[in-house]
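Participant: Residue numbers (this note's numbering), protein chains in the order written: chain A, -13 to 397; chain B, -13 to 397. We treat Cβ as the ideally placed atom computed from N, Cα and C, and that holds for glycine. Please read these numbers as outputs of a predicted model, since none were measured by experiment.
Laid out in structure tokens, this is it:
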């Protein structure tokens, strides 16, 4: 498609394919928008923009799939991380900053009585299941079909190399199906340890779905009544809907909540918070990792959370997201295309009516990338506090051309 | 014990205990050497030294439990990481540095035909099991009793919240028991996916054990004959025995090897390498994480591996380790104490004859810490390339006083 435009990306990918399975694996796989229709490697990034290895510039609506909530290379966050790293980073003990960060988080998130830290989001979702099982002495976990909680065998995000035993105690409902949830709670009464859900449904290759009215209230009520540990996976949405937790945005209280991605503006850190009842189980379960107490990412997190609050970043991101949503809807309409913009304004996604095979999304993404706007074809997008009105307007203007092209190809 | 010496550590720990289960959890738990007999928090680190929050200085024989292979805050490593981070770190794509690093590792480690990267050591050991199961379409995994491969439920490193299904297909032998290994291979013939071992046995609360003569040769032979994937967990020993992999040090070839800790001198990175046969399975298994493609830790790793080679660091660390071993043995003998110094010279550990309850180890560690030497009482130690002859000599001189005290208390 754009072999010339992505020449160095393609050359590097060919080298990568020799020494790395798939060249680039997992969620960063570059076959996003069709072969050779996307940049593969980043050279430089700043604010809401980045440049690929061929020198092409993008307004970034993925933010590294979430982490860059204040924009790339935020000077205050980097300064805080640097200052700490120059003192001490990975040592035999944590730094004082771990205590500061834990105190900050328990103040920020009202339900949080305690915090633990890891590196991956999945470190926390995996840990949550074990804590729930220790606390309840029960086995089953309820989750939603197609929800993403990491790549551990129990999550069902992969198929190869997985054994039946890995998912032996996983029960599933369709997202938002409170009746189904209550039926499982009854059917497996006395054997359910926990329920794990994202605050709203953000599957790939599909529209995002907000919680149906009464869903969270009902789930909370059943969990409380049945002694089921309610685990929120706020890894993707956390710190973009409400700094006190996405549960505050939706008006419910989980027993455990898991964070990662945006928590330290790109520095590797994840966290779990929990209520007082679970503190002993959180202490009982042996859990650790080589870099889990590194001090620099924790300093980055203190800075990130402080700046998010100071700059009213959540409000700002959502306002910019609303502008983007309205603009895209108007542009699509002008080209006689029907789109759905789903999810919260700061974490939007679009699909095309008649585009169920996602080829319209792929063309939309490829043509946008070619014009310097990075929209993902099958994964929700992310706004950051670095996105300004001019960036949104430029993106909408590009969408004008892109929708025209989508209409031309797909009629 | 030393309430005055560790005053600020203790104050901070009390704050931590309110907002973090156990205050400090996992392998960094500070109740190492008895209550209030160890520093709990680090303020500053440089080379082979660090300072706790009370300003006490230590020669560091733990190196953050392995990562600091070139010493804390190595200027060249930090400069490489900074240079990359100022360009781009966590973005929608990897950086060119990922390809450079993968190429470097496949050149450094002869059996490595491909590499994948993660954040935790356990990201890699967990992944290795799934790859082995995908490749063989079999279920069982053989491991050694008391071996540490992370904290996932299958590893057996924890007990609470674990279900029988989590370890349903784990078979164990005692470390080094080739006959036992062969018996399992026969008993479960046709159902064994993989075998995972560390290059030598480094349990906690025990002497380290080098592989018995013929163990690796025998295991390799059986794995090849039976189609069992031989997985090496080189996370703890990697890059301290042989830059081409600890299997080269012991003279065998695994099918997969896992690295972490020392790979990037304290920056969060882990890696798995594998042979050509496993490349397709490594591509089949969906595996990813939010920060797995961050470019700065990869730049740190390129620098670390390059410097390790340039400075003949492995040779140097082992030479310093030999000096330490000889010195400690002589000092112990002078005080009429019988000690065993076990493991490779760069990753040593001591135990006391008659000290099976580890109280002699705890006193030895506590008294050493009090005098500015950080030895761990129940976990193997780590040398770094930053340890100089004077540091070893100072540590041995301190051991003179400490052994005297151990003798006085335990007779």
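Could you give the C-beta distance for residue 152 of chain B and residue 140 of chain B, rounded to a whole number, given that I count them as a contact under 8 Å?
Facilitator: About 6 Å; that satisfies the 8 Å criterion.
Participant: Kindly list, in the order they appear in chain B, the residues whose Cβ is closer than 8 Å to that of residue 31 of chain A.
Facilitator: The contacting residues are 73, 74, 75, 77.
Participant: Mind listing which residues of the region 7 to 21 of chain A have their C-beta closer than 8 Å to chain B's C-betas, in chain order?
Facilitator: 7, 8, 10, 11, 12, 13, 14, 16
Participant: My output table needs one value for residue 259 of chain A: the three-state DSSP class, helix, strand or coil.
Facilitator: strand
Participant: Determine, for residue 28 of chain B, whether the minimum Cβ-Cβ distance to residues of chain A falls below 9 Å.
Facilitator: yes
Participant: State yes or no: is the C-beta of residue 241 of chain B within less than 9 Å of the C-beta of residue 355 of chain B?
Facilitator: Taking 9 Å as the Cβ cut-off, residue 241 of chain B and residue 355 of chain B do not qualify as a contacting pair.
Participant: Could you tell me how far apart the beta carbons of residue 267 of chain B and residue 117 of chain B are, in whole angstroms, since I believe they sit closer than 8 Å?
Facilitator: Indeed, because the Cβ distance is near 5 Å, the residues count as touching under 8 Å.
Participant: Out of curiosity, what's the CA-to-CA distance linking residue 376 of chain A and residue 199 of chain A?
Facilitator: 36 Å
Participant: At 9 Å on the CB atoms, spell out the chain D contacts of residue 107 of chain A, in chain order.
Facilitator: The structure shown contains no chain D; its protein chains are A and B.
Participant: Could you work out which residues of chain B lie near residue 364 of chain A, taking near to mean beta carbons separated by less than 9 Å?
Facilitator: Result: empty, since nearest Cβ-Cβ is about 14 Å, beyond 9 Å.
Participant: May I ask you to list the residues that DSSP assigns as paired with residue 244 of chain A?
Facilitator: A/219, A/258
Participant: Return helix, strand or coil for residue 285 of chain A, following the three-state DSSP convention.
Facilitator: helix
Participant: Using a cut-off of 8 Å between C-beta atoms, extract the partners of residue 148 of chain B located in chain A.
Facilitator: Simply 116, 119.
Participant: Report yes if the C-beta distance between residue 56 of chain B and residue 229 of chain B is below 9 Å; otherwise report no.
Facilitator: Taking 9 Å as the Cβ cut-off, residue 56 of chain B and residue 229 of chain B do not qualify as a contacting pair.
Participant: For residue 320 of chain A, which residues of its own chain have a beta-carbon under 8 Å away from its beta-carbon, when the five flanking residues on both sides are left out?
Facilitator: 386, 389
Participant: With DSSP collapsed to three states, give me the class of residue 140 of chain A.
Facilitator: helix
Participant: CB-CB under 7 Å to residue 53 of chain B, same chain, minus the five flanking residues each way: which ones, in chain order?
Facilitator: Same-chain partners within the cutoff: 247, 248, 251, 252.
Participant: Cβ of residue 246 of chain A less than 9 Å from any chain B Cβ?
Facilitator: Cβ-Cβ to chain B under 9 Å: yes for residue 246 of chain A.
Participant: Is it the case that the Cβ atoms of residue 85 of chain A and residue 70 of chain A are separated by a distance below 9 Å?
Facilitator: no
Participant: Determine whether the beta carbon atoms of residue 107 of chain B and residue 136 of chain A lie at a separation below 9 Å.
Facilitator: no
Participant: Based on the DSSP secondary-structure assignment, which residues constitute the bridge partners of residue 36 of chain B?
Facilitator: Residue 36 of chain B is bridged by DSSP to B/31, B/44.
Participant: Counting pairs of beta carbons, one from the region 17 to 25 of chain B and one from the region 362 to 379 of chain B, are three or more of them closer than 8 Å?
Facilitator: They touch, by the three-pair rule.
Participant: Taking the Cβ atom as the reference point for each residue, do residue 171 of chain B and residue 214 of chain B lie within a distance shorter than 9 Å?
Facilitator: yes
Participant: Helix, strand or coil for residue 126 of chain A, going by three-state DSSP, please let me know.
Facilitator: strand
Participant: Which residue or residues does DSSP assign as beta-bridge partners of residue 192 of chain A?
Facilitator: The partner list for residue 192 of chain A (beta bridge, DSSP) is empty, contrary to what the question assumes.
Participant: Among A/270, A/103, A/29, A/62, which residue has its Cα nearest to the Cα of residue 2 of chain B?
Facilitator: A/103
Participant: Can we say the region 56 to 67 of chain A touches the region 287 to 304 of chain A, given the rule of at least three CB pairs closer than 8 Å?
Facilitator: Contact between the region 56 to 67 of chain A and the region 287 to 304 of chain A is present, with at least three C-beta pairs closer than 8 Å.
Participant: Can you give me the C-alpha to C-alpha distance between residue 197 of chain A and residue 175 of chain B, rounded to a whole angstrom?
Facilitator: 49 Å
Participant: Would you list, in sequence order, the uninterrupted beta strand (DSSP E) runs of no fewer than 3 residues that lie entirely inside the region 57 to 134 of chain B?
Facilitator: 100 to 104, 126 to 130
Participant: Bridge partners of residue 159 of chain A, per DSSP?
Facilitator: Answer is A/130, bridged to residue 159 of chain A.
Participant: Closest Cβ-Cβ distance between residue 100 of chain B and chain A: below 9 Å?
Facilitator: yes
Participant: Which residues of chain B have a Cβ atom closer than 7 Å to the Cβ of residue 271 of chain A, listed in chain order?
Facilitator: 144, 146, 147
Participant: Quick check: the region 185 to 196 of chain A against the region 118 to 137 of chain A, are there 3 or more CB pairs under 8 Å?
Facilitator: Per the Cβ contact rule, the region 185 to 196 of chain A is in contact with the region 118 to 137 of chain A (3 or more Cβ pairs under 8 Å).
Participant: Which first and last residues belong to the beta strand (DSSP E) in which residue 326 of chain A is found?
Facilitator: 325 to 328
Participant: Residues in the region 346 to 378 of chain A with C-beta within 9 Å of chain B's C-beta atoms, listed in sequence order?
Facilitator: 360, 362
Participant: Would you call the CB atoms of residue 185 of chain B and residue 236 of chain B closer than 9 Å?
Facilitator: yes
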